[in-house]
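As structure tokens, the structure follows; a few thoughts come after it.
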Amino acid sequence: MLISTDVGSGPVVVLLHAFPLDRRMWLPQIEALADMYRVIAPDLPGFGDSPLLTNASIDAFADQVAEHLDDKDIDEPVTLGGLSMGGYVALAFARKYPERLAGLVLADTKAEADDATARANRDKMMATATSVGAGAIMEAMLPKLLGTTTQQERPEVVAAVRKLGSAQRAETIVAALKALRDRPDATPYLKDIAVPTLVLVGQEDTITPLANAEKLKRGITQARLASIPEAGHLANAENPTVFNDLLMTFLTGVG
Ligand code: MLT
232 MLISTDVGSG PVVVLLHAFP LDRRMWLPQI EALADMYRVI APDLPGFGDS PLLTNASIDA
292 FADQVAEHLD DKDIDEPVTL GGLSMGGYVA LAFARKYPER LAGLVLADTK AEADDATARA
352 NRDKMMATAT SVGAGAIMEA MLPKLLGTTT QQERPEVVAA VRKLGSAQRA ETIVAALKAL
412 RDRPDATPYL KDIAVPTLVL VGQEDTITPL ANAEKLKRGI TQARLASIPE AGHLANAENP
472 TVFNDLLMTF LTGVG
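Take any residue in the sequence shown, note its place counting from 1, add 231, and you have its number in this note's numbering.
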């Protein structure tokens, strides 16, 4: 069972948040879209107000999103957007529930699985989360989550992201890190995605940089790619004006 923000009316747009944040990271998009769309932004299992899931995995997160739509009696195809971890979940959803998709937005994310170095780093982070807590994970990630421009010029964004990440439970962080570490490679399935897809990437994103976005664009037949200036990995929060313009234009095309 997931807890979500569910506002507005019109075609359904579902937004899936990044690690280690929660649905509140989508506030700038929720505000911009709710006049024309029904926007549903769930907390993925264990984050924010949603209960933790035993045996968390990216596929299980996608199943939870599908169940959440069932709970809300939404059976028409939706536009699903995900940023980073949310994008991994969106790709799993696209593989498992293709008939439920009208469009896909993949922001600051990638199809590839973790390599050996990334997996070892997840293990270290799990140990830190267990021994020190979520705040330590946030501090370690913050310099990478946000672009240089945001770090230098937007202290309010830095503070808001820090607050969101530090508020998560350590057990959630551990479960999600395991899910991230063990997620499968989505590359073989990109060719099966048959809906309009918008790939977005912050120009200062160092976690999932342009090369990852280009790979998504090349793999998905109906994909368009746009990059967002003065934004790092959390492009939706760092440059909401450009992010929202691109999103709105895309959604108008999806219909
Ligand atoms: C995220 O922003 O969701 C994470 O950086 C994803 C990851 O660590 O792979």
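We put the beta carbon where it would ideally sit given N, CA and C, even for glycine.
For clarity, every value in this text was computed on a predicted model and none was experimentally measured.
Item, Value
"If you follow the alpha helix (DSSP H) that Leu404 is part of, which residue opens it and which one closes it?", "Contrary to the premise, residue 404 reads as Ile rather than Leu in this sequence. Run containing Ile404: 401-412, per the alpha helix (DSSP H) assignment."
"Can you look up Pro273 in the DSSP assignment and give me helix, strand or coil?", "strand"
"Would you mind stating whether Asp266 and Gly239 have Cβ atoms separated by less than 8 Å?", "yes"
"Where in the stretch 298-385 do unbroken runs of the alpha helix (DSSP H), each at least 4 residues long, occur, reported from the N-terminal end onward?", "316-327, 347-362, 365-376, 379-384"
"Is Ser240 near the ligand SAM - that is, is its Cβ less than 7 Å away from at least one heavy atom of it?", "Ligands in the displayed structure: the ligand MLT; the ligand SAM is not one of them."
"Taking its Cβ as the centre, do 16 or more other Cβ atoms sit within 10 Å of Arg350, making it buried, or is it exposed?", "exposed"
"Would you mind giving the Cβ-Cβ distance between Pro251 and Gln399, rounded to the nearest angstrom? I have them listed as a contact below 8 Å.", "5 Å"
"Hey, is Ala410 close to the ligand MLT, as in C-beta under 7 Å from one of its heavy atoms?", "no"
"Round the Cβ separation of Ala323 and Asp290 to the nearest angstrom and send it over; I've been treating them as touching at under 8 Å.", "5 Å"
"Thinking C-beta only, is Pro308 closer than 8 Å to Tyr268?", "no"
"I need the boundaries of the alpha helix (DSSP H) containing Asp476, first residue and last residue.", "471-485"
"Across which residues does DSSP place Ala454 in a beta bridge pair?", "Thr428"
"List the endpoints of the continuous alpha helix (DSSP H) containing Leu465.", "That residue, Leu465, is in no alpha helix (DSSP H); it is neither H nor E in DSSP."
"Tell me the rounded alpha-carbon separation between Ile438 and Ala249.", "12 Å"
"Determine the extent of the beta strand (DSSP E) in which Leu247 is found, giving its start and end residues.", "243-247"
"According to DSSP, is Asp266 part of a helix, a strand, or is it coil?", "coil"
"Count the other CB atoms within 10 Å of the CB of Asp301; is the residue buried (16 or more) or exposed (fewer)?", "exposed"
"For Ala390, tell me which candidate among Ala468, Ala407, Leu441 has the shortest Cα-Cα distance.", "Ala468"
"Just the Cα atoms here: how many angstroms apart are Gly277 and Leu284?", "7 Å"
"Nearest-angstrom Cα distance between Arg455 and Asp423?", "16 Å"
"Under 8 Å by Cβ, that's how I've got Val336 and Leu465 pegged, so tell me the actual separation to the nearest angstrom.", "About 15 Å; that fails the 8 Å criterion."
"Taking the straight line between their C-alpha atoms, what separation do you get for Gln434 and Leu377?", "11 Å"
"Relative to the ligand MLT, is the shortest distance from any of its heavy atoms to the C-beta of Met256 smaller than 7 Å?", "no"
"If Lys446 and Ala342 are in contact, beta carbons under 8 Å, what's the gap, nearest whole angstrom?", "6 Å"
"May I ask you to report which of helix, strand or coil DSSP gives Ile261?", "helix"
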